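Chemist: The structure's right below; bear with me while I get my questions together.
Residue numbers (my numbering): 1098 to 1721.
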C-alpha cells in the first residue's frame, strides 16, 4: 500500500499508526541528503540549464559531486566563524551554487535565503532582523543588480563580518571572499568540524510572502524540514532516478523543499530551469520539449504558469512521461484544470502550504480521488482543522462539515513562531495550533478546501465576497489569460468588486462582452463587478502569483484621483502614491501643488470632505 502511495483518508490513518521516528531516515537535513546521495553516488542529482533555448546542453552534477560541494561549503562557512546559532543570508538566483550553500550552511549554522528582487532598503531590514553574520551574493552580472544592492547597503550592517561573492569578476575588496576561488581549499569528503545537529536546532529562516510591510521571518528546525520530506513521500510523488523540473526560485519554500530536499533525499534527478525558472520566456516556450527530452515525471507551478502553458504548442513533443503537476500558491479554476488535463494527459494535483508549515500541509492523493478545487488530504503526522474563532482570533469551537472557518495546522512541520515576537500575536488560537490566515472548509471525505484569504475578501456593506466568485467565471472565457478581483473603495458600502483581466495575445474580447458574461455567470448579485479593466500585463510576484496588492493600490489611487478633481482651480497638480504603513496598513500619500491664490487650510479641509469616508488612510502634503 505504501509503495503505491496513500489513496484515501483511511490509509493515511493506518500509516500514522507507525511512530514518526521509526519512519524518518535522518533527523537533520545534512544526513538526509547524505542518505539520498549514498543510494547511487554516480547518479545525476542536478542538470542545470542556462537557457530554455539550449535545454539539451546542461551542466550535469552527480550525487558524489553534489555531496562534495555541500561538504566544502559547510567547511568554508564553519571556517568563517559560522556555528549553530549564526546566520548566513544569501541573495542568489536559481543556480547550483545556491543548493551547495543552502544545505552546506544548514550543516554548520542557519541559512536565510532572500528574494534578491526586493528593494535594497527591504533587503537591509531583513538582513538586520535575521542577525546576518555572513552574506552570500551573486557578483556583478549583466542585467542583474544584486551586487549593486549589496554595495549600497553593506555599510549599514555593522554585524556583517564577511561577504562571499558567487561568480562575477574583479578584485575582492576588504571583507569580500570569492566563493569559486576559496571553495577548492576545503575538503569535500566530510565535515571538518565537530557538531552534533539536534533535531530542534534552527536550520533556516525564511521571509514570508507577506504583501504588506517588511516580510516576517519564520525560523524552521531541522525536524520541520526532514519531516516535510517524509510527508511528501507518502503519496510517492516520484521515486529514485525520476526526473523532476525545478522552475521556482531558491528563496521560495517549495523551490527549496519540493525541488531540493525531497528529491535529493530519495536520489531523484532535478533539472534546474535557468536562473529565473518559469519567469524565463525561453523556458515556457520550450517546456514541452524539455519534458520530452528529460522524460520528466513532474513539475510544480502556480495557476498563472498553467494558463500560459496552455498557449504553448506541443508540436511533436512526447508528454507520456509526465504523470502530474502540482499546482499551489493560489486557487486553480476548475475550467483551467480541466483544460490542462485535456491538453497534456497529465493530472493536476492541488496542494496547500505556507512558509510557517515548512512548505506543504495538504495535497490531493495522486493515485486516489482528485477533487479539482480541493487542496486534498492533510499530511500524516500533521493535524489540520477548521476552527471557528472570535474577533481576537481565539478558538471558539471546531467547525462542522463544510462549515467555513479559519484553517489551522499543528504538527512536526509547523514552526514555533516568528523571529520577532510582535508578529506572533493572534496566530495561536490554541496551544500548538497555527492559524494560517486562510479561510476554508473540510468536507465529509476529509478533503480540505481553501475558500479565500481573510484579507483578500471584498467586504461590501458588511457582506464578505470571495474573489473566486468572480475569478472562476472569468477563467471560463477562453480569451482570458489571467484574472483578479479586488475591492474598490466606496464611501457608501466600503468596497465594491472590480475585475482586472489580461487577455491572450490577439484577443478581440471587449469589456462589454466580459460584463455580459459576468451578469449571467456570477451566482451572487452583490459580487458582480462594477467595472472590468483590461490590462496589457498583470503584476506578478517573483513566483508567478498575481500580485493583488498592486492592483488594489492602483484602484485606490484612481478612485482618490477621480474624487479630488472636485478641488478644481484650487490646485495645479495632484500626485498620489499608495504605500504600506506599519500602523495604518495601506496609506495614500497625496501631494498637492496649490494654485497661487489658494489657501492651504481650505484645500486641506476640502480634501477631508472628499475622502474622509474611505477606509484607506491618507496623508496630505501641500506645496506652493
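Ideal Cβ placement from N, Cα and C applies to all residues, glycine included. Fair warning: this is a prediction, and the values are worked out from it, not measured in the lab.
Near residue 1541, what residues of its chain come up, given a Cβ to Cβ distance below 6 Å and the 5 sequence neighbours on each side ignored?
Modeler: One-based indexing of the chain shown puts residue 1541 at position 444. So the list reads 1498, once near-sequence residues are dropped.
Chemist: Residue 1301 to residue 1618, Cα distance in whole Å?
Modeler: Position 204 of the chain shown, counted from the first residue, corresponds to residue 1301. Position 521 of the chain shown, counted from the first residue, corresponds to residue 1618. Approximately 45 Å between the Cα atoms of the pair.
Chemist: Just tell me which of 1280, 1564, 1587, 1113 has its CA closest to the CA of residue 1596.
Modeler: By one-based count along the chain shown, residue 1596 stands at place 499. Closest by alpha carbon: 1564.
Chemist: Measuring CB to CB, does residue 1627 end up less than 8 Å from residue 1648?
Modeler: Working through the chain shown from its first residue, we reach residue 1627 at position 530. Working through the chain shown from its first residue, we reach residue 1648 at position 551. No. Outside cutoff.
Chemist: Taking the alpha-carbon positions, what's the residue 1663 to residue 1535 distance?
Modeler: On the chain shown, position 566 is the one that residue 1663 refers to. On the chain shown, position 438 is the one that residue 1535 refers to. Rounded to whole angstroms, residue 1663 to residue 1535 spans 40 Å at the Cα level.
Chemist: As an exercise, report each continuous alpha helix (DSSP H) stretch of at least 4 residues that is fully enclosed by the region 1179-1213, in chain order.
Modeler: Runs found: 1193-1205.
Chemist: Any idea which residues DSSP pairs residue 1395 with across the strands?
Modeler: Residue numbering aside, residue 1395 sits at position 298 when the chain shown is read from its first letter. Answer is 1341, 1421, bridged to residue 1395.
Chemist: Based on DSSP bridge pairs, tell me the residues matched to residue 1531.
Modeler: Here residue 1531 refers to the residue found at position 434 when the chain shown is read from its first residue. Residue 1531 is bridged to 1506.
Chemist: In the structure shown, what three-state DSSP assignment does residue 1625 receive?
Modeler: Position 528 of the chain shown, counted from the start, is the residue given in the question as residue 1625. Residue state, collapsed to three classes: coil.
Chemist: Going by other Cβ atoms of all chains shown within 10 Å of its Cβ, with 16 needed for buried, is residue 1339 buried or exposed?
Modeler: Walking along the chain shown from the start, residue 1339 turns up at place 242. Its Cβ being crowded by 16 or more others within 10 Å, residue 1339 is buried.
Chemist: I'd like to know whether the C-beta atoms of residue 1190 and residue 1158 end up nearer to each other than 8 Å.
Modeler: Taking the chain shown and counting its residues from 1, the one referred to as residue 1190 is at position 93. Taking the chain shown and counting its residues from 1, the one referred to as residue 1158 is at position 61. No; because the gap between Cβ atoms is not below 8 Å, this pair is not in contact.
Chemist: Taking its Cβ as the centre, do 16 or more other Cβ atoms sit within 10 Å of residue 1417, making it buried, or is it exposed?
Modeler: Here residue 1417 is taken as the residue at index 320 of the chain shown, counted from 1. Residue 1417 is exposed by the Cβ-count criterion.
Chemist: Is residue 1441 helix, strand or coil when you go by DSSP?
Modeler: Along the chain shown, one-based indexing puts residue 1441 at 344. Note: residue 1441 maps to helix in three-state DSSP.
Chemist: Considering Cα atoms alone, identify which of 1525, 1353, 1566, 1652 is closest to residue 1554.
Modeler: Sequence index remark: in the chain shown, residue 1554 carries index 457 (1-based). The shortest C-alpha separation from residue 1554 is found at 1566.
Chemist: Measuring only the C-alpha atoms, how far is residue 1313 from residue 1515?
Modeler: The sequence position of residue 1313 within the chain shown is 216, counting from 1. The sequence position of residue 1515 within the chain shown is 418, counting from 1. So the two alpha carbons sit approximately 7 Å from each other.
Chemist: Residues in the same chain with beta-carbon distance under 8 Å from residue 1052, minus the five sequence neighbours each way, listed in chain order, please.
Modeler: Outside the modelled stretch of the chain, which goes from 1098 to 1721, sits residue 1052, for which no answer is possible.
Chemist: Quick check on the burial criterion: 16 or more other C-beta atoms within 10 angstroms. Buried or exposed for residue 1709?
Modeler: By one-based count along the chain shown, residue 1709 stands at place 612. Looking at its Cβ environment, which holds fewer than 16 other Cβ atoms inside 10 Å, residue 1709 is exposed.
Chemist: Among 1184, 1155, 1197, 1186, which one has its Cα closest to the Cα of residue 1161?
Modeler: Residue numbering aside, residue 1161 sits at position 64 when the chain shown is read from its first letter. The candidate whose alpha carbon is nearest that of residue 1161 is 1197.
Chemist: Where does residue 1679 fall in DSSP's three states?
Modeler: Translated into positions along the chain shown, residue 1679 becomes position 582. Any answer about residue 1679 is weak, because its pLDDT of 49 lies below 50 and its placement is not dependable; what the coordinates show is given next. In this structure, residue 1679 counts as coil in the three-state DSSP scheme.
Chemist: Checking the sheet assignment: what are the DSSP bridge partners for residue 1160?
Modeler: Locating residue 1160 in the chain shown gives position 63, counting from the first residue. DSSP, once it has assigned bridges, lists no residue as partnering residue 1160.
Chemist: Specify the secondary structure class of residue 1361 as computed by DSSP and reduced to three states.
Modeler: The residue you call residue 1361 lines up with position 264 of the chain shown. The answer is helix: DSSP assigns residue 1361 an H, G or I state.
Chemist: Under 8 Å by Cβ, that's how I've got residue 1275 and residue 1262 pegged, so tell me the actual separation to the nearest angstrom.
Modeler: Against the chain shown, residue 1275 aligns to sequence position 178. Against the chain shown, residue 1262 aligns to sequence position 165. Contact flag correct, Cβ pair sits at about 6 Å.
Chemist: With burial defined as no fewer than 16 other Cβ atoms inside 10 Å of the residue's Cβ, what is the status of residue 1410: buried or exposed?
Modeler: By one-based count along the chain shown, residue 1410 stands at place 313. Counting Cβ neighbours within 10 Å, residue 1410 comes out exposed, since fewer than 16 surround it.
Chemist: In chain order, what residues of the same chain lie with their CB nearer than 6 Å to the CB of residue 1202, ignoring the 5 residues before and after it?
Modeler: The residue labelled residue 1202 in the question sits at position 105 within the chain shown. Excluding residues within five positions, the ones whose Cβ falls inside 6 Å are 1174, 1185, 1208.
Chemist: Cα separation between residue 1633 and residue 1110?
Modeler: Numbered from 1 along the chain shown, position 536 holds the residue referred to as residue 1633. Numbered from 1 along the chain shown, position 13 holds the residue referred to as residue 1110. Rounded to the nearest angstrom, the two C-alpha atoms are 49 Å apart.
Chemist: Below 8 Å on the Cβ atoms is my guess for residue 1256 versus residue 1230; work out the distance and round it to an integer in Å.
Modeler: Along the chain shown, read from residue 1 onward, the residue named residue 1256 stands at position 159. Along the chain shown, read from residue 1 onward, the residue named residue 1230 stands at position 133. Going by Cβ atoms, the distance from residue 1256 to residue 1230 rounds to 7 Å, so yes, they are a contact pair.
Chemist: In terms of residue numbering, what span does the beta strand (DSSP E) encompassing residue 1591 cover?
Modeler: As a working note, residue 1591 is residue 494 in the chain shown. Taken as a continuous stretch (DSSP letters only), the beta strand (DSSP E) holding residue 1591 covers 1591-1600.
Chemist: Excluding the 5 residues flanking residue 1153 on each side, which residues of the same chain have their C-beta closer than 7 Å to its C-beta?
Modeler: In the chain shown, counting from the first residue as 1, residue 1153 sits at position 56. The answer, listed in chain order, is 1390.
Chemist: Is it right to say residue 1114 is buried, meaning 16 or more other beta carbons lie within 10 angstroms of its own, or is it exposed?
Modeler: Here residue 1114 refers to the residue found at position 17 when the chain shown is read from its first residue. Its Cβ having fewer than 16 others within 10 Å, residue 1114 is exposed.
Chemist: Excluding five sequence neighbours on each side, which residues of the same chain lie with their C-beta closer than 7 Å to the C-beta of residue 1327?
Modeler: Here residue 1327 is taken as the residue at index 230 of the chain shown, counted from 1. Closer than 7 Å at Cβ, skipping near neighbours: 1120, 1121.
Chemist: Is the separation between the beta-carbon of residue 1343 and that of residue 1367 shorter than 8 Å?
Modeler: For the purposes of this step, residue 1343 is taken as the residue at position 246 of the chain shown. For the purposes of this step, residue 1367 is taken as the residue at position 270 of the chain shown. Cβ distance < 8 Å, so residue 1343 and residue 1367 count as in contact.
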